[in-house]
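This report concerns only the one structure given below.
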Amino acid sequence: MSTQFSDRNSVIALLRHSPLFSSLANTVLLDMLSHFRRETWKHGRCITGSENEQRFHVILSGRLKMGRINPETGRIVTLFLLGPGDAFDVISLLDGEPSPVTLEAKDDLELLSTPVEEARRWIEYHPEFNHSFLPYLGRQMHLLADLAGDLALHDTETRLARLILRHIDTDNSHHSLHLIHDLSHEALGEMIGSVRVVVNRQLQHWQREGIIISHRGKLVVQELEALLKKAMHHSHNSAAKPSPEKPKNRH
Amino acid sequence: MEPKSPFFKESIQCLMQSPLFSSLAPSVIEEMITHCRRETWKRRRLLPMNETWQRFHILLSGRVRLSRSNPETGRMITLFLLGPGDPFCIFSLLDGKPHDVMLETLDDTSLLSLPMEEARQWLSDHPEFNCTLLPYLGEQMCNLAGLAADLALHDTETRLARLILRHVDTTALQQKHISPHLINNLSNESLAEMIGSVRVVVNRQLQHWKQEGIIDTHRGYLRVEKLDDLAQLAELRLARTAGTAPATL
Chain A
1 MSTQFSDRNS
11 VIALLRHSPL
21 FSSLANTVLL
31 DMLSHFRRET
41 WKHGRCITGS
51 ENEQRFHVIL
61 SGRLKMGRIN
71 PETGRIVTLF
81 LLGPGDAFDV
91 ISLLDGEPSP
101 VTLEAKDDLE
111 LLSTPVEEAR
121 RWIEYHPEFN
131 HSFLPYLGRQ
141 MHLLADLAGD
151 LALHDTETRL
161 ARLILRHIDT
171 DNSHHSLHLI
181 HDLSHEALGE
191 MIGSVRVVVN
201 RQLQHWQREG
211 IIISHRGKLV
221 VQELEALLKK
231 AMHHSHNSAA
241 KPSPEKPKNR
251 H
Chain B
1001 MEPKSPFFKE
1011 SIQCLMQSPL
1021 FSSLAPSVIE
1031 EMITHCRRET
1041 WKRRRLLPMN
1051 ETWQRFHILL
1061 SGRVRLSRSN
1071 PETGRMITLF
1081 LLGPGDPFCI
1091 FSLLDGKPHD
1101 VMLETLDDTS
1111 LLSLPMEEAR
1121 QWLSDHPEFN
1131 CTLLPYLGEQ
1141 MCNLAGLAAD
1151 LALHDTETRL
1161 ARLILRHVDT
1171 TALQQKHISP
1181 HLINNLSNES
1191 LAEMIGSVRV
1201 VVNRQLQHWK
1211 QEGIIDTHRG
1221 YLRVEKLDDL
1231 AQLAELRLAR
1241 TAGTAPATL
């Protein structure tokens, strides 16, 4: 199977940037590639839980949205926005149950994939993988805790500010955003359990205040301090209410 | 803890029953316990994570919850409710950092603890532990993902129904009165903190279900009387075969 990796070196170079694989020896990575095949997914491809074959994927390039859907209302919440170097679906890799997620390619994606069973055997055989896998799991769990905490405790304005702050590129001085810079307002809404119109209204408001600018569909933070304040401050005149609390009239 | 300690045997027994540790050889468990010290914490003890993250804990008895709070509003959300055999804090074990969570004991608890560094060393010395640790982490992550998704996508009634169902022992589905595990004597306020709601809302909802005969409360203990009705309210299908988890949770 490894013969298909004509550009094996470039794949290894990409894996070197991944928090999951960067610390592994070349021989281990080569062994890994012999178990994985290369895949490409077109931008916009959607896969729901039941269609999702039991395969484990590593993203080489592009972004993938992993969410859950409420089939009754059609609403989606994004649990993870994954980028190059990330892997999915980690939860079903761990517990062996197919998880009820929907996947959507936010760009053209280049992936490596292998059957979940095979990935599990590979992990068992390479305990050194744990040194990067466990911290990675810690980070993913932390992201979920952030999402759940924000949804339960903060209003939409605060959640949006926190979402943006979590994605600020710390490498450069002009506060551009990592992964979420060009997402639609609908996609941003799905990341904070809100909807397009609310995000739209909030971003316009911040733009008028000079806190952010949106240039050709790309979001850049202008006033970091002001945004930090929004992320801490739970104003009462915010754009929307917190998570849905209205009881259903079923009876 | 010395093997001579009166608590040594009790600790071994507890870990043998924990899904996380039960598959380890008894000698491995014994060796681990010798690295631990036993602690007891009183009920309603609150500990910020920065006081506890440097030690790894395993609950022997009682319950502990890990929460986040909004200091401005005083609201809380429970991320994990842990019982005997559960370890904490998994976050710090995984990435070696303190995390923004608050610990609170719900009962008088006894626990084992050892320095986080030793726990991490123990983990890398015993790769066989992965076989149970990874599925355990998967389950915890799945619960957390479920909490986040419920908060974003479902109303309070559905969330409360799902919370109760998540704590129903799936091997006991045939029983007439089902007592949910871990949560069955929590206050309505604590239940509310598990679904991002408030006491009055949970109170009203439980009263309503009680009138409909879906649940019953007896001396503060919650019992499910009509499981299928509750599943319908939770918008879930139940996997009836013994031992299988409701796949749609």
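If you read the protein sequences in the order shown, they are chains A and B. What the first sequence shows, in my numbering, is residues 1 to 251, in sequence order. What the second sequence shows, in my numbering, is residues 1001 to 1249, in sequence order. The beta-carbon is built from N, C-alpha and C at its ideal position, and this holds for glycine as well.
* **Best match in Glu1139/B, Leu1082/B, Val1201/B for proximity to leucine 1111/B [C-alpha to C-alpha]** => Leu1082/B
* To do: Below 6 Å CB to CB, which residues in the same chain sit around histidine 1099/B once its five sequence neighbours on both sides are set aside?
  => Met1049, Phe1091
* Asked: Should valine 197/A be flagged as near chain B, meaning a C-beta pair shorter than 7 Å?
  -> no
* Where arginine 1219/B meets chain A, residues with beta-carbon distance less than 9 Å -> Within chain A, no residue comes near arginine 1219/B; the closest Cβ sits about 27 Å away, beyond 9 Å.
* Asked: Buried or exposed: where does alanine 1148/B fall if 16 or more other Cβ atoms within 10 Å of its Cβ makes it buried?
  -> buried
* Measuring only between beta-carbons, confirm whether threonine 1244/B sits less than 7 Å from chain A. => Its pLDDT being 38, under 50, threonine 1244/B is placed unreliably by the model, and the measurement read from it follows with that caveat. Chain A, which has no Cβ nearer than 7 Å to the Cβ of threonine 1244/B, makes this no.
* Please compile the residues from chain B whose C-beta is within a distance smaller than 8 Å of the C-beta of histidine 178/A. => By Cβ distance, chain B contributes nothing, its closest Cβ being about 19 Å from histidine 178/A, past 8 Å.
* For the segment 1117-1145 of chain B, which residues have a CB atom closer than 8 Å to at least one CB atom of chain E, in sequence order? -> Annotation note: the requested chain E is absent from the structure, which comprises protein chains A and B.
* Asked: Given a limit of 8 Å on CB to CB distance, which residues of the segment 133-152 of chain A reach chain B?
  -> Leu134, Pro135, Leu137, Gly138, Arg139, Gln140, Met141, His142, Leu144, Ala145, Leu147, Ala148, Gly149, Leu151, Ala152
* Do three or more CB pairs link the segment 1129-1143 of chain B to the segment 133-142 of chain A at distances below 8 Å? -> yes
* Keeping to the same chain, check which residues put their C-beta closer than 7 Å to that of leucine 81/A; ignore five residues upstream and five downstream. => Arg63, Lys65, Leu179, Ile180, Met191
* To do: Figure out for me which residue from Gly193/A, Leu227/A, Ser61/A has the closest Cα to the Cα of alanine 105/A.
  => Ser61/A
* **Segment contact, 8 Å Cβ cut-off, at least three pairs: the segment 1202-1215 of chain B with the segment 1155-1169 of chain B** => yes
* Closest Cα partner of glutamate 117/A within the set Pro127/A, Asn130/A, Leu134/A, Gly96/A -> Gly96/A
* Separation of alanine 13/A from alanine 1245/B, as counted between CA atoms -> Legend: pLDDT at alanine 1245/B = 41, less than 50; position of this residue unreliable, no value from coordinates given.
* Kindly list, in the order they appear in chain B, the residues whose Cβ is closer than 8 Å to that of arginine 75/A. => Ala1152, Leu1153
* Which word fits histidine 174/A, buried or exposed, when buried means at least 16 other C-beta atoms lie within 10 angstroms of its C-beta? -> exposed
* **C-alpha gap between leucine 1015/B and asparagine 1185/B, whole angstroms** => 24 Å
* Name the chain B residues that come within less than 8 Å of proline 19/A, Cβ to Cβ? -> Near proline 19/A there are no residues of chain B at all, since even the closest Cβ is about 11 Å away, more than 8 Å.
* **Top-ranked residue by Cα proximity to threonine 1073/B, from Asp155/A, Lys218/A, Phe129/A, His35/A** => Closest option to threonine 1073/B, Cα to Cα, is Asp155/A.
* Asked: To which residues does DSSP link valine 1064/B through a beta bridge?
  -> Leu1082/B, Thr1105/B
* Assign leucine 259/A to buried or exposed, taking buried as 16 or more other Cβ atoms, counted over all protein chains shown, within 10 Å of its Cβ. => Residue coverage of chain A in this structure runs from 1 to 251, which leaves residue 259/A outside it and unanswerable.
* Measuring alpha carbon to alpha carbon, tell me which of Ser214/A, Glu225/A, Leu163/A, Leu177/A ends up nearest threonine 78/A. => Leu163/A
* At a Cβ cut of 9 Å, what residues of the segment 85-98 of chain A count as close to chain B, listed as they run along the chain? -> Residues Val90, Ile91, Ser92, Leu93, Leu94, Asp95, Gly96, Glu97, Pro98.
* **Best match in Arg45/A, Glu72/A, Gly67/A for proximity to aspartate 89/A [C-alpha to C-alpha]** => That would be Gly67/A, whose Cα lies nearest to the Cα of aspartate 89/A.
* Residue from Glu1212/B, Arg1038/B, Ser1023/B with nearest C-alpha to proline 1006/B -> Arg1038/B
* Beta-bridge partners of cysteine 46/A, as assigned by DSSP -> Glu104/A
* Nearest CA to the CA of isoleucine 47/A: which residue from Met232/A, Val28/A, Ile69/A, Ser132/A? -> Ile69/A
* Asked: So, does the CB of leucine 15/A fall closer than 7 Å to a CB anywhere in chain B?
  -> no
* Measure the C-alpha to C-alpha separation of phenylalanine 1129/B and lysine 1176/B and round it to an integer number of angstroms. => 37 Å
* List, in order along the chain, the chain A residues whose C-beta lies closer than 8 Å to that of isoleucine 1215/B? -> Result: empty, since nearest Cβ-Cβ is about 15 Å, beyond 8 Å.
* Residues that histidine 1099/B contacts on chain A, provided the C-beta gap is smaller than 8 Å -> His142, Ala145
* If you count every other CB in all the chains shown that lies within 10 Å of the CB of arginine 250/A, and 16 or more means buried, which is it? -> Annotation note: pLDDT 38 at arginine 250/A (below 50); position unreliable, no value reported.
* Asked: In chain A, which residues lie with their C-beta within 7 Å of the C-beta of glutamate 1235/B?
  -> Going along chain A in sequence order, the residues near glutamate 1235/B (Cβ under 7 Å) are Glu72.
* Give the DSSP bridge partners of lysine 218/A, in chain order. => His215/A
* Expressed to the nearest angstrom, what Euclidean distance is found between the alpha-carbon atoms of isoleucine 1178/B and aspartate 1216/B? -> 10 Å
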